[in-house]
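J.:
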Amino acid sequence: MSAVIVAVDGGNSKTDVALIAADGAVLGTARAASGSYHQVGMKTMLETITAAVRSAACDTEADGITPKLGVYCLAGADLPVDDRRLQRELDAAGLAEGTIILNDAFAGLRAGSQSGWGISLVCGAGMNCAGVGPTGRTVRFPALGALSGDEGGGGDLAVRALAAAIRARDGRGQSTSLERLVPDYFGLRHPIDVVTALHTDDLPMSALPGLAPVVFAAASNGDSVARGLADWLADELVLMGVSAIHRLQLARSDFEVVFVGSIWKTEDSGFHDRVREGLLAAAPGGILRRLEAPPVLGAALLGSDRLKLGSAAETRIRAELTAERLRTS
1 MSAVIVAVDG
11 GNSKTDVALI
21 AADGAVLGTA
31 RAASGSYHQV
41 GMKTMLETIT
51 AAVRSAACDT
61 EADGITPKLG
71 VYCLAGADLP
81 VDDRRLQREL
91 DAAGLAEGTI
101 ILNDAFAGLR
111 AGSQSGWGIS
121 LVCGAGMNCA
131 GVGPTGRTVR
141 FPALGALSGD
151 EGGGGDLAVR
161 ALAAAIRARD
171 GRGQSTSLER
181 LVPDYFGLRH
191 PIDVVTALHT
201 DDLPMSALPG
211 LAPVVFAAAS
221 NGDSVARGLA
231 DWLADELVLM
241 GVSAIHRLQL
251 ARSDFEVVFV
261 GSIWKTEDSG
271 FHDRVREGLL
281 AAAPGGILRR
291 LEAPPVLGAA
301 LLGSDRLKLG
311 SAAETRIRAE
321 LTAERLRTS
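The opening position of the sequence shown corresponds to residue 1 in the working numbering, with each subsequent residue numbered one higher.
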């Protein structure tokens, strides 16, 4: 059986690959390291994706014929210049006859929506938003952090929590349980010890986003500083989402809003309520849901849309391309 789609979700933390047949059968899957060329460089990213595609092919009964379409939804596809670079390099890699390059936020939207259009709000280590209107018009954000006005996500939340802990300790800031909780999380005694470990590279910056659940727990327990941080993140997400809604002229429409990423797993009701209220105030017809499926599903469905495989194929892709399937690949 021939694979017609190479579906790739290349996130900041991992890369998922799936090979899809024309009838929607998932022929093979693979999981690998980061697929963001901003993090690992173009050469390593290409090697990672190529190896993952080959691994997926080994997991399948595919006949070795080059697939018709590669759909690469990548964390590093932030600006048009990124799209052009990635298009050139992945075309040259020859993993498929045709190539589609999209930011990974679009994969989350397609995976989580039944209609195929709406808004995705991505909040994990970083933050992003993508939108597709009913006519196919798209909007997105640079998502380059403070440089492009897109602060947010677990990383920035953690940096602000560490700063709050430092300032509480030295008297510049309000007293907060984060003064104790932040160093405790890293097995250290004082906030300055965390700063020192980061400064000397004894602690990688990539460890910081893991603090996010600590901040939400403190907020839920009544810490006003932590609550302020959680509210800040919620407000940034609302601003991004509302901007996309207005740019796509969806304020009076019924449409899906898909929440993608680890931050949405928090049980802090105050955070969820603030986001929900902010979005629905701008667009009462918004249907809010958290993505449960793996985002690579969205890459596969986008390929199915382009090749017009049909509703039966989409149903089969959704049934077979599950998180459990990827965990065992």
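Note that CB positions come from ideal geometry on N, CA and C, so glycine has one too.
In this structure, how does DSSP classify R31 when only helix, strand and coil are distinguished?
T.: For this step, residue 31 is matched to residue 31 along the sequence shown. The three-state reading of DSSP puts R31 in strand, counting E and B together.
J.: Looking at the structure shown, is D150 part of a helix, part of a strand, or coil, going by DSSP?
T.: Position 150 of the sequence shown, counted from the start, is the residue given in the question as residue 150. Looking at D150 - three-state DSSP - the assignment turns out to be coil, as it is neither helix nor strand.
J.: Any contact between the stretch 140–150 and the stretch 78–86? By contact I mean 3 or more CB pairs, one from each, below 8 Å.
T.: Judged by pairs of C-beta atoms under 8 Å, the stretch 140–150 touches the stretch 78–86, as three or more such pairs exist.
J.: Report the partner residues of Y72 according to the DSSP bridge assignment.
T.: If you number the sequence shown from 1, residue 72 lands on position 72. Answer is V8, I101.
J.: DSSP three-state call for M1: helix, strand or coil?
T.: For the purposes of this step, residue 1 is taken as the residue at position 1 of the sequence shown. Note: M1 maps to coil in three-state DSSP.
J.: On the three-state DSSP scale, how would you describe R189?
T.: By one-based count along the sequence shown, residue 189 stands at place 189. In the structure shown, R189 sits in coil (DSSP, three-state: anything other than H, G, I, E or B).
J.: Give the single residue among V215, D305, R169 whose Cα lies nearest to the Cα of W117.
T.: Working through the sequence shown from its first residue, we reach residue 117 at position 117. Per the Cα distances, D305.
J.: Starting from the C-beta of V258, find all residues in its chain whose C-beta is less than 8 Å away, skip the five residues before and the five after it, and write them out in chain order.
T.: Your numbering for residue 258 matches position 258 in the sequence shown. The answer, listed in chain order, is G108, L109, A111, G112, S113, G118, I119, S120, L121, R289, R290, L291.
J.: Relative to the C-alpha of T135, which residue among S253, L102, A234 is closest?
T.: Residue numbering aside, residue 135 sits at position 135 when the sequence shown is read from its first letter. Cα-wise, what sits closest to T135 is S253.
J.: What residues are listed by DSSP as bridge partners for N128?
T.: Here residue 128 refers to the residue found at position 128 when the sequence shown is read from its first residue. Beta-bridge pairing links N128 to V122.
J.: Evaluate N103 with the Cβ neighbour count: other Cβ atoms within 10 Å of its Cβ, from every protein chain shown; 16 or more gives buried, anything less gives exposed.
T.: The residue you call residue 103 lines up with position 103 of the sequence shown. N103 comes out buried.
J.: I49 lies in the alpha helix (DSSP H); which residues open and close that run?
T.: By 1-based counting over the sequence shown, the position of residue 49 is 49. First-last of the alpha helix (DSSP H) with I49: 42–58.
J.: Rounded C-beta distance between M42 and A25? I'm assuming under 8 Å.
T.: Locating residue 42 in the sequence shown gives position 42, counting from the first residue. Locating residue 25 in the sequence shown gives position 25, counting from the first residue. 32 Å between Cβ atoms; not a contact.
J.: Less than 9 Å between the C-beta atoms of S177 and A218, yes or no?
T.: What you label residue 177 is simply residue 177 of the sequence shown in a count that begins at 1. What you label residue 218 is simply residue 218 of the sequence shown in a count that begins at 1. For S177 and A218, yes; Cβs fall inside 9 Å.
J.: Go ahead and pull the three-state DSSP assignment for G261.
T.: In the sequence shown, the residue the question calls residue 261 occupies position 261. Look at G261 here: in three-state DSSP terms it is coil, with no helix or strand label.
J.: List the whole-angstrom C-beta distance separating A18 from A56, where the pair is believed to meet the contact cut-off of C-beta under 8 Å.
T.: Here residue 18 refers to the residue found at position 18 of the sequence shown. Here residue 56 refers to the residue found at position 56 of the sequence shown. Correct: roughly 7 Å between the Cβ atoms.
J.: Give every residue of the same chain whose Cβ lies closer than 7 Å to the Cβ of T44, excluding the five residues on either side of it in the sequence, and list them in chain order.
T.: Along the sequence shown, read from residue 1 onward, the residue named residue 44 stands at position 44. Counting only Cβ-Cβ distances below 7 Å, and skipping sequence neighbours, we find nothing.
J.: Do V4 and I49 have their beta-carbon atoms positioned less than 9 Å apart in this structure?
T.: Taking the sequence shown and counting its residues from 1, the one referred to as residue 49 is at position 49. Taking the sequence shown and counting its residues from 1, the one referred to as residue 4 is at position 4. Cβ atoms of I49 and V4: not closer than 9 Å.
J.: When you compare the stretch 168–184 with the stretch 210–228, are there three or more beta-carbon pairs, one atom per stretch, that lie closer than 8 Å?
T.: The way I'd put it, the stretch 168–184 does touch the stretch 210–228; three or more beta-carbon pairs between them come closer than 8 Å.
J.: Thinking C-beta only, is G28 closer than 9 Å to S329?
T.: Position 329 of the sequence shown, counting from 1, holds the residue named residue 329. Position 28 of the sequence shown, counting from 1, holds the residue named residue 28. In this structure, G28 lies closer than 9 Å to S329 by Cβ.
J.: Within 10 angstroms of the Cβ of G153, are there 16 or more other Cβ atoms? Answer buried if so, exposed if not.
T.: By one-based count along the sequence shown, residue 153 stands at place 153. It is buried - the Cβ of G153 has at least 16 other Cβ atoms within 10 Å.
J.: Can you tell me where the alpha helix (DSSP H) holding A92 begins and where it ends?
T.: Here residue 92 refers to the residue found at position 92 of the sequence shown. The continuous alpha helix (DSSP H) containing A92 extends over residues 80–93.
J.: Under three-state DSSP, which class holds G155?
T.: Within the sequence shown, numbered from 1, the residue matching residue 155 stands at position 155. G155: helix per DSSP, three-state reduction.
J.: Comparing alpha-carbon positions, which option in L74, L157, V139 lies nearest M240?
T.: Here residue 240 refers to the residue found at position 240 when the sequence shown is read from its first residue. When C-alpha distances from M240 are compared across L74, L157, V139, the shortest belongs to V139.
J.: Evaluate E236 with the Cβ neighbour count: other Cβ atoms within 10 Å of its Cβ, from every protein chain shown; 16 or more gives buried, anything less gives exposed.
T.: Along the sequence shown, read from residue 1 onward, the residue named residue 236 stands at position 236. Buried: at least 16 other Cβ atoms inside 10 Å.
J.: Under a three-way DSSP split, which group does T322 fall into?
T.: Locating residue 322 in the sequence shown gives position 322, counting from the first residue. Coil.
J.: Helix, strand or coil: which one does DSSP assign to A18?
T.: Residue numbering aside, residue 18 sits at position 18 when the sequence shown is read from its first letter. In the structure shown, A18 sits in a strand (DSSP, three-state: E or B).
J.: Taking V260 as the reference, give the member of L203, A130, D23 with the closest Cα.
T.: In the sequence shown, the residue the question calls residue 260 occupies position 260. V260 has its Cα closest to that of A130, out of L203, A130, D23.
J.: F255 by DSSP, collapsed to three states: which one?
T.: Indexing the sequence shown from 1 puts residue 255 at position 255. Three-state DSSP puts F255 in a strand.
J.: Could you work out which residue in E89, L280, V225, W264 is closest to G173 when comparing CA atoms only?
T.: Residue 173 sits at position 173 when you count from the first residue of the sequence shown. Measuring from the Cα of G173, the nearest candidate turns out to be V225.
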